[in-house]
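Numbering (numbering that gives the first Met the number 0), first residue to last: 0 to 219.
All residues carry an ideal CB built from backbone N, CA and C; glycine is no exception.
Worksheet: the structure to be examined is printed underneath.
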Amino acid sequence: MSNLTTELDQRLQAYLWSVSLREPPLYQRLREETAHLPEHNFQVAPEQGQFLAFLVELTGARRVLEIGSFTGYSALWMAGAMPEEGRMVCCDVNETWTGIARRYWEEAGLGDRIELRLAPAMDTLDGLLADGAAGTFDLAFIDADKANYVHYYRRCLRLVRQGGLICLDNTLWAGRVADPDDHAPETEAIRAFNALIHEDPAVSLSLVPIGDGLTVARKR
């Protein structure tokens with residue numbers, strides 16, 4: 000026994016899925032189609048998608064913001080967990096990837112819950128703030144270019160209501176954040192974000208070792 004987080008090898012990962020994962024067949028098909036793309040590692044792990052859906056259910060979220068949608072897997076989980084009147088705004092810039100996403104969103108009957116905005120996310124976030132959307136979102140999920148994590152976080156902190164959640168993917172960065180010899184720009188960007196949010200009194204937070212590390216922050 001240990002008080003350290005258990006490392007997952009392939010056997011334990013398979014066991015975790017067998018006793019926890021409730022992935023609908025449509026979601027699995029999207030995950031398997033995405034696996035053929037060169038950028039397949041951009042997609043969240045299935046247990047992470049389910050965890051995001053759990054957070055949506057737990058908070059009763061009706062307004063969700065996603066920055067970086069890729070092929071739509073995480074949005075599928077979250078939109079599927081919202082009530083019928085729930086709405087998502089998804090930000091991305093890639094028409095090819097989001098074309099796959101739209102196809103699955105429609106097949107799942109969730110197309111009317113998801114508004115895709117194809118534009119630089121910073122422009123979309125600033126536009127939402129200019130339109131008076133501050134404090135109107137229940138949950139934001141950030142999974143886009145790491146260089147802008149601090150900027151995305153600061154804008155989402157204004158867009159999310161008090162008591163709402165901001166979740167950020169890849170905050171363990173495959174362990175590279177703990178490698179003192181790794182000074183790649185994306186690694187340094189995540190280190191800078193992790194240091195900033197750790198000292199931010201505006202939120203309560205936990206970095207959950209699921210997938211590639213998921214920081215969950217609750218706006219105070």
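DSSP places Ala74 outside any beta strand (DSSP E); the residue lies instead in the alpha helix (DSSP H), whose first and last residues are Tyr72 to Ala80. When Tyr103, Leu109 and His150 are compared, the shortest CA-CA separation from Asp125 is found for His150. Here Ser203 is bridged, per DSSP, to Arg217. Where Ile113 is concerned, the enclosing beta strand (DSSP E) starts and stops at Ile113 to Leu117.
In this structure, DSSP gives Leu156 a helical state, which the three-state scheme calls helix. Taking the Cβ atoms as the reference, Met87 lies roughly 5 Å from Ala78, within the contact range of under 8 Å. A straight-line Cα-Cα distance of about 16 Å links Cys90 and Asp137. Only exposed fits Leu195, as fewer than 16 other CB atoms lie within 10 angstroms of its CB.
For Ala139, the uninterrupted beta strand (DSSP E) run begins and ends at Phe136 to Ile141, by DSSP. Here the alpha carbons of Leu51 and Thr58 stand approximately 11 Å from one another. Here DSSP, grouped into helix, strand and coil, assigns Val55 to helix.
Assigned with DSSP and collapsed to three states, Arg175 falls in helix.
The C-alpha of Glu84 is placed about 30 Å away from the C-alpha of Asn169. DSSP links Arg86 through a beta bridge to Arg62.
Ala74 is the residue among Leu3, Arg62, Ala74 and Ala13 whose C-alpha sits nearest the C-alpha of Tyr26.
DSSP lists Ile141 and Thr214 as the bridge partner or partners of Leu167. In this structure, the beta-carbon distance from Ile189 to Gln47 does not fall below 8 Å.
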